[in-house]
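Some notes on the structure that comes next.
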Amino acid sequence: MSEIKNIENIKSDFEINEESKYIKTYLFIKGYAVAKNFQQTIIALSLAKRLHEGQYRRGGDPYITHPLKVCNTLISCGIEDDTILAAALLHDVLEDCQDKLKDNGEEFVTEYGLSPEVLEIITILTKESGISEEELQIYFDGIKNNGKALLIKLSDRLHNSSTLYSFPYEKLVKYIDETDKFIIPIADYGNDYYPEYTNAINLLKSNIFSLNRSMRIMLEKSEHQISILKNEIEELKSEIDKLKK
Numbered sequence: 029m030s031e032i033k034n035i036e037n038i039k040s041d042f043e044i045n046e047e048s049k050y051i052k053t054y055l056f057i058k059g060y061a062v063a064k065n066f067q068q069t070i071i072a073l074s075l076a077k078r079l080h081e082g083q084y085r086r087g088g089d090p091y092i093t094h095p096l097k098v099c100n101t102l103i104s105c106g107i108e109d110d111t112i113l114a115a116a117l118l119h120d121v122l123e124d125c126q127d128k129l130k131d132n133g134e135e136f137v138t139e140y141g142l143s144p145e146v147l148e149i150i151t152i153l154t155k156e157s158g159i160s161e162e163e164l165q166i167y168f169d170g171i172k173n174n175g176k177a178l179l180i181k182l183s184d185r186l187h188n189s190s191t192l193y194s195f196p197y198e199k200l201v202k203y204i205d206e207t208d209k210f211i212i213p214i215a216d217y218g219n220d221y222y223p224e225y226t227n228a229i230n231l232l233k234s235n236i237f238s239l240n241r242s243m244r245i246m247l248e249k250s251e252h253q254i255s256i257l258k259n260e261i262e263e264l265k266s267e268i269d270k271l272k273k
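In terms of this note's numbering, the sequence shown opens at residue 29 and continues consecutively.
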């Protein structure tokens with residue numbers, strides 16, 4: 029790993045109004061990384077905070093809450109790997125923070141001392157918006173072929189699946205279908221080809237599957253209720269038309 033440079037320029041200041049939403053998780057990860065001497069995770073933590081500053085989740089939370097949750101979940105699953113945790117913290121920066129990256133992420137290696145592997149994992153996890161079904165398959169195949177990226181993607185999907193209530197209807201349906209079509213299969217693939225991560229993969233897969241199934245059932249019930257309501261409205265309109273005659 030290259031010499032760490034310019035890390036003193038990364039700010040770790042918190043805005044009081046937002047602090048309560050992520051400060052405990054931030055400090056837990058920082059303390060964990062210090063205790064384990066995970067230098068890359070320490071650097072990535074500060075970088076993620078700075079790069080995602082001013083960005084917010086659909087539900088209104090500061091965006092940094094998401095990569096923190098993804099990283100924290102991996103720690104909870106027993107992942108003790110500096111590279112994985114650092115990449116987890118930065119997994120969305122190439123996608124969402126391009127305006128703050130002068131060298132398309134290369135500075136993570138050249139200026140801040142992260143390993144090329146961390147940048148490689150982040151790159152694998154980066155997805156362009158509006159891609160076709162075929163391109164989406166290629167994207168997930170790339171993730172499938174990197175065990176560390178696969179773990180991060182599962183943790184990422186678990187957190188996103190827990191916040192589906194904030195999604196618009198069409199995106200909700202697409203997300204549920206995408207999880208069944210791509211996420212569950214790559215978890216199964218990971219179980220077969222990355223035995224060192226089997227416990228973590230099984231924990232993540234089980235929770236993702238449960239959340240996705242619950243959301244699908246809820247969606248189906250909602251659609252059924254909407255259908256009933258539409259029929260009742262049509263019947264009411266028919267009755268009104270009869271009265272008018």
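Virtual Cβ for every residue (Gly too), placed ideally from N, Cα, C.
Asked                                                                                                                                                                                 : Found
Quick one: give me the first and last residue of the alpha helix (DSSP H) that I159 is part of.                                                                                       : Unbroken run through I159: none, as it is neither H nor E.
Give the DSSP-derived three-state secondary structure of I38 in the structure shown.                                                                                                  : The pLDDT assigned to I38 is 49, lower than 50, so where the model puts this residue is not dependable; a value taken from the coordinates is nonetheless given after this. Looking at I38 - three-state DSSP - the assignment turns out to be coil, as it is neither helix nor strand.
In chain order, what are the residue ranges of uninterrupted alpha helix (DSSP H) at least 4 long that sit wholly in the stretch 123-168?                                             : 135-138 and 144-153
So the candidates are N100, R86, R85 and R78; which of them puts its Cα closest to the Cα of A61?                                                                                     : N100
Going by CA-CA distance only, name the one from Y167, Y54 and Y221 that's closest to I92.                                                                                             : Y54
For the stretch 180-209, which segments carrying the alpha helix (DSSP H) assignment without a break, of at least 4 residues, lie completely within its bounds, in sequence order?    : 197-206
Give every residue of the same chain whose Cβ lies closer than 8 Å to the Cβ of Y217, excluding the five residues on either side of it in the sequence, and list them in chain order. : K172 and L178
Whose C-beta lies closer than 7 Å to the C-beta of F168 among residues of the same chain, with five residues either side of it excluded?                                              : F210 and I214
Where A116 and R185 are concerned, what is the direct C-alpha to C-alpha distance, given to the nearest angstrom?                                                                     : 12 Å
Assuming L73 and I57 form a contact by the criterion Cβ under 8 Å, report the distance between their Cβ atoms to the nearest whole angstrom.                                          : 6 Å
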